[in-house]
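S.K.:
Numbering (the numbering used here), first residue to last: 3 to 217.
#1: Suppose contacts are defined by Cβ-Cβ distances below 7 Å. Is residue 163 in contact with residue 145 by that definition?
#2: Pick from 69, 60, 59, 77: whose alpha carbon is nearest that of residue 185?
#3: If I measure Cβ to Cβ from residue 165 and keep anything under 7 Å in the same chain, skipping five residues before and after, which residues do I get?
#4: Ignoring anything shorter than 4 residues or poking outside the stretch 94–132, list the alpha helix (DSSP H) runs there in chain order.
#5: Measuring only the C-alpha atoms, how far is residue 188 from residue 200?
#6: In the DSSP assignment, what are the bridge partners of residue 171?
#7: Just mark residue 68 as buried or exposed, buried being the case when its beta carbon has 16 or more other beta carbons within 10 Å.
#8: Would you mind giving the Cβ-Cβ distance between residue 208 and residue 159, rounded to the nearest angstrom? I have them listed as a contact below 8 Å.
#9: Buried or exposed: which applies to residue 80, given that a residue is buried once 16 or more other Cβ atoms fall within 10 Å of its Cβ?
#10: Please classify residue 54 as buried or exposed, where buried requires at least 16 other C-beta atoms within 10 Å of its C-beta.
#11: Round the Cβ separation of residue 93 and residue 180 to the nearest angstrom and send it over; I've been treating them as touching at under 8 Å.
#12: Among the residues of its own chain, which have a CB less than 7 Å from the CB of residue 191, if the five just before and after it don't count?
#13: Are the Cβ atoms of residue 206 and residue 89 separated by less than 7 Å?
#14: Any idea if residue 30 is buried or exposed, counting beta-carbon neighbours within 10 angstroms, 16 or more meaning buried?
#15: Where DSSP assigns a beta bridge to residue 176, which residues make up the other side?
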């Protein structure tokens, strides 16, 4: 049996027409291929969700750890700068003072803890005697800000006379040591003898000439 080609006349004079599949069937076939192909969308499995949550928590923990370390390093740097400020301020007091008996006695009063063991607050700073200006009575005593209290600063001032060949003292070696704690209170705030009970310390040293002596 031979098949007649399309669009050829039939015995009755009509022509054969090409039949097409229904539109609905073609749409159904396309929809079936779209949902069953390799690019089809699907939901996340429970294992994938658990792994994603674990990755997020790991990254968050690492981020918070880095932030904590940065904050701690910043606090340590601030305490170091404050200790340096106290040491430099003490040297400025020595430079402004008259290095006679009265002035030396006032300067030696700057040695000790900058925190009162009884009250837990900063002690009034001893004032060096300059001999140039008086202190108005309505001016309150100088104290360090409350932000300094957590470091438990302790200051030591050493004035070493350097006598000349004739026995007179023209120069003094000034050494200021500021010690402090990091994150915890010391066992002993005020040290009666020996080095202070602190974790860190810095020292500044310089030479100061006594302007009151005749050269």
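For glycine and all other residues, C-beta sits at the position ideal for the given N, C-alpha and C.
M.R.: Let me lay it out:
#1: no
#2: 77
#3: 171
#4: 103–110
#5: 6 Å
#6: 165
#7: exposed
#8: Residue 208 to residue 159, Cβ: 12 Å. No contact.
#9: exposed
#10: exposed
#11: About 11 Å; that fails the 8 Å criterion.
#12: 115, 117, 119, 154
#13: yes
#14: Residue placement at residue 30 is flagged as unreliable, the pLDDT there being 47, under the threshold of 50; the coordinate-derived value follows with that caveat. It is exposed - the Cβ of residue 30 has fewer than 16 other Cβ atoms within 10 Å.
#15: 161, 208
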